[in-house]
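The structure appears below as structure tokens.
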Amino acid sequence: MSTILLAGGAGYIGSHTAVELLQAGYDVIVADNFCNSSPQSIKRVEMISGKHVPLYEVDIKDKKALSNVFLKHNIESVIHFAGLKAVGESMEKPLLYYSNNIDTTISLLEVMAEFHVHNFIFSSSATVYGTENPIPYIETMPRGTCSNPYGWTKVMMEQILEDAAKADPALSVVLLRYFNPIGAHPSSMIGEDPTGIPNNLMPYITQVAVGRRDHLTIFGNDYPTKDGTCRRDYIHVVDLAIGHVKAVEYASHHTGTEIFNLGTGTPYSVNEIVEAFEQATGVKIKREYGARRPGDIPEFYANADKAKAILDWKAEMGLYEMCRDSWNWQRNNPNGYQI
Ligand code: NAD
Ligand code: WQD
Numbered sequence: 057m058s059t060i061l062l063a064g065g066a067g068y069i070g071s072h073t074a075v076e077l078l079q080a081g082y083d084v085i086v087a088d089n090f091c092n093s094s095p096q097s098i099k100r101v102e103m104i105s106g107k108h109v110p111l112y113e114v115d116i117k118d119k120k121a122l123s124n125v126f127l128k129h130n131i132e133s134v135i136h137f138a139g140l141k142a143v144g145e146s147m148e149k150p151l152l153y154y155s156n157n158i159d160t161t162i163s164l165l166e167v168m169a170e171f172h173v174h175n176f177i178f179s180s181s182a183t184v185y186g187t188e189n190p191i192p193y194i195e196t197m198p199r200g201t202c203s204n205p206y207g208w209t210k211v212m213m214e215q216i217l218e219d220a221a222k223a224d225p226a227l228s229v230v231l232l233r234y235f236n237p238i239g240a241h242p243s244s245m246i247g248e249d250p251t252g253i254p255n256n257l258m259p260y261i262t263q264v265a266v267g268r269r270d271h272l273t274i275f276g277n278d279y280p281t282k283d284g285t286c287r288r289d290y291i292h293v294v295d296l297a298i299g300h301v302k303a304v305e306y307a308s309h310h311t312g313t314e315i316f317n318l319g320t321g322t323p324y325s326v327n328e329i330v331e332a333f334e335q336a337t338g339v340k341i342k343r344e345y346g347a348r349r350p351g352d353i354p355e356f357y358a359n360a361d362k363a364k365a366i367l368d369w370k371a372e373m374g375l376y377e378m379c380r381d382s383w384n385w386q387r388n389n390p391n392g393y394q395i
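Converting from the sequence shown to the working numbering requires adding 56 to each position, the first position being numbered 1.
So, in structure tokens, the structure goes:
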């Protein structure tokens, strides 16, 4: 079976994808500099799957170090998860975000060309639809105007990858636009382990639930939605990971660029998420309403038809599973991978 390189594979989405690829029979290798993750996640992946995962501490920007990984393995496809992803931090450190996210992409493309590796699956984001496209978002819409440098790096990387695929007829690029991934592996051995104060909603909720934070602040209750709080398309990270297995299969039989939304197509409000979490877990979440967070838009969700039609993929898990698994991960690992 073919070997898949997961660049940034020790992170939240990469580790879950590693499990699903291994279970589907692929060999997996991981290259990561652990700037936002721990090698422990891959140890846990090995425990879940019962398989060995070669792990390299490599900065993907470092082409020489990356080439050494390609020399050691017969890589067929690359999934590029290796990016910085904190929206607020990207506004404070735009150059760090542009250089890390874009240089990793170019480095991978160049080393892949050198080793005649043609399949590139990219972690893109719903954020590329920007602020002006109508909802639900569909892949045929133009990329929009982003409200922060993180989003712009995704827009730019999509463009770079499309241009690279136009110039190299052998290249197959799959752009996966994730919506809002939450949840954890049902084994509760791997999950999201943010450093510092969580930026995203679900890790904040679980840290309140486990007693690491006093209360959740809901950013705005005066949006033009039915309960005044923002609505998003939350997707279970295991469903998302399975989408990558389908994308790897697709990439190996196609060339050019193809874009897929990976979402459920159903939005939930912040209030609905908190209530679903309380119902699924029996744990009360202390909360209060605060000011709107700059850059948030009232509502977005996916049109998920294309992934169903072409990849034969759709999200199977609902809000109950997302809340249950987020909580089980957090309560069994109150300090994440830190032992
Ligand atoms: P994560 O931070 O958990 O994983 C990213 C991994 O990349 C980390 O292990 C980090 O150490 C590694 N990394 C970063 N820069 C690197 C470099 N220069 N060299 C080597 N390794 C490097 O994040 P995640 O949630 O798993 O996200 C994975 C990808 O998906 C990211 O590109 C992110 O932008 C994208 N994405 C995430 C979300 C989300 O909500 N989690 C949504 C849309 C898109
Ligand atoms: C969800 C909702 C908040 C925290 C971000 C990125 C996006 C993509 C996914 C990578 C919003 C509200 C949150 C809190 C709250 N990532 N919230 N209190 O902003 O939809 O998307 O992650 O590509 O690009 O922007 O996700 O989880 O931060 O917020 O009220 O403490 O929860 O206002 O309505 P978001 P999120």
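All C-beta atoms, glycine included, are put in the ideal place defined by N, C-alpha and C.
Hey, would you say the C-beta of residue i is under 8 Å away from at least one heavy atom of ligand 1?
i, result
"Pro-237", "yes"
"Asn-256", "yes"
"Ala-63", "yes"
"Ala-336", "no"
"Gly-139", "yes"
"Tyr-324", "no"
"Thr-160", "yes"
"Val-264", "no"
"Lys-210", "yes"
"Tyr-234", "yes"
Do you know whose CA, among the options, lies nearest residue i's CA?
i, options, result
"Gly-284", "Ile-158, Gly-276, Ile-315", "Gly-276"
"Val-293", "Ile-135, Gly-70, Ile-60", "Gly-70"
"Val-339", "Ile-329, Arg-348, Tyr-345", "Ile-329"
"Asn-327", "Ile-341, Gly-321, Leu-318", "Ile-341"
"Asn-204", "Ile-298, Phe-137, Met-147", "Met-147"
"Gly-252", "Thr-337, Cys-91, His-174, Ile-60", "Cys-91"
"Glu-196", "Asn-388, Pro-390, Trp-385, Asp-361", "The sequence shown places Thr at residue 196, not Glu. The candidate whose alpha carbon is nearest that of Thr-196 is Asp-361."
"Ala-63", "Glu-113, Glu-334, Ser-228, Asn-255", "Glu-113"
"Val-211", "Tyr-154, Thr-59, Lys-282", "Tyr-154"
"Gly-247", "His-174, Phe-235, Lys-222, Ile-104", "Ile-104"
"His-72", "Asp-159, Tyr-279, Met-245, Asn-130", "Met-245"
"Phe-176", "Val-143, Tyr-206, Gly-392, Ala-138", "Ala-138"
"Thr-322", "Tyr-193, Ala-303, Ile-216", "Tyr-193"
"Asp-159", "Arg-199, Val-125, Thr-209", "Thr-209"
"Gly-67", "Ser-228, Ala-121, Leu-140", "Leu-140"
"Ala-161", "Arg-268, Ile-216, Val-125, Asn-359", "The residue asked about is misnamed: residue 161 is Thr in this sequence, not Ala. Of the candidates Arg-268, Ile-216, Val-125, Asn-359, the one whose C-alpha sits nearest the C-alpha of Thr-161 is Ile-216."
"Ala-142", "Arg-233, Asn-256, Thr-311", "Asn-256"
"Ile-85", "Tyr-324, Arg-233, Thr-311, Leu-111", "Leu-111"
"Asn-157", "Ser-180, His-174, Phe-171, Met-168", "Ser-180"
"Thr-337", "Glu-377, Thr-311, Met-168, Pro-354", "Glu-377"
"Asn-236", "Ile-274, Ser-58, Asn-317", "Asn-317"
"Gly-207", "Pro-390, Asp-352, Ala-358", "Asp-352"
For ligand 2, I want to know if residue i counts as a neighbour, meaning its beta carbon is within less than 8 Å of at least one of the ligand's heavy atoms.
i, result
"Tyr-68", "no"
"Ala-182", "yes"
"Gly-186", "no"
"Leu-272", "yes"
"Phe-275", "yes"
"Asp-283", "no"
"Tyr-376", "no"
So, with DSSP's three-state summary, where would you put residue i?
i, result
"His-300", "helix"
"Leu-32", "Residue 32 falls outside the range modelled here, since the chain spans only 57 to 395, and no answer is possible."
"Tyr-345", "strand"
"Asp-352", "coil"
"Tyr-290", "strand"
"Ser-480", "Absent from the model: residue 480. The displayed extent of the chain is 57 to 395, so no value can be given."
"Glu-113", "strand"
"Glu-132", "strand"
"Asn-124", "helix"
"Ala-142", "coil"
"Ser-450", "Nothing about residue 450 can be read from this structure; the chain reaches only from 57 to 395."
"Ile-238", "strand"
"Val-266", "coil"
"Thr-160", "helix"
"Asn-388", "helix"
"Asp-88", "strand"
Around the Cβ of residue i, are there at least 16 other Cβ atoms within 10 angstroms (buried) or fewer (exposed)?
i, result
"Thr-201", "exposed"
"Leu-231", "buried"
"Arg-380", "buried"
"Ala-398", "Not covered by the structure: residue 398. The range shown for the chain is 57 to 395."
"Ala-240", "buried"
"Pro-254", "buried"
"Lys-117", "buried"
"Ala-87", "buried"
"Ala-347", "exposed"
"Thr-187", "exposed"
"Asp-249", "buried"
"Gln-263", "buried"
"Thr-386", "Note on identity: in this sequence residue 386 is Gln, with Thr being the wrong assignment. It counts as buried."
"Leu-152", "exposed"
"Ile-98", "buried"
"Ile-366", "exposed"
"Gln-394", "exposed"
"Glu-76", "buried"
For this session: Quick one: which unbroken alpha helix (DSSP H) runs of 4-plus residues sit fully inside the stretch 315 to 341? Chain order, please.
Result: If only complete runs of 4 or more residues are kept, the stretch 315 to 341 shows the alpha helix (DSSP H) at 326 to 337, in order along the chain.
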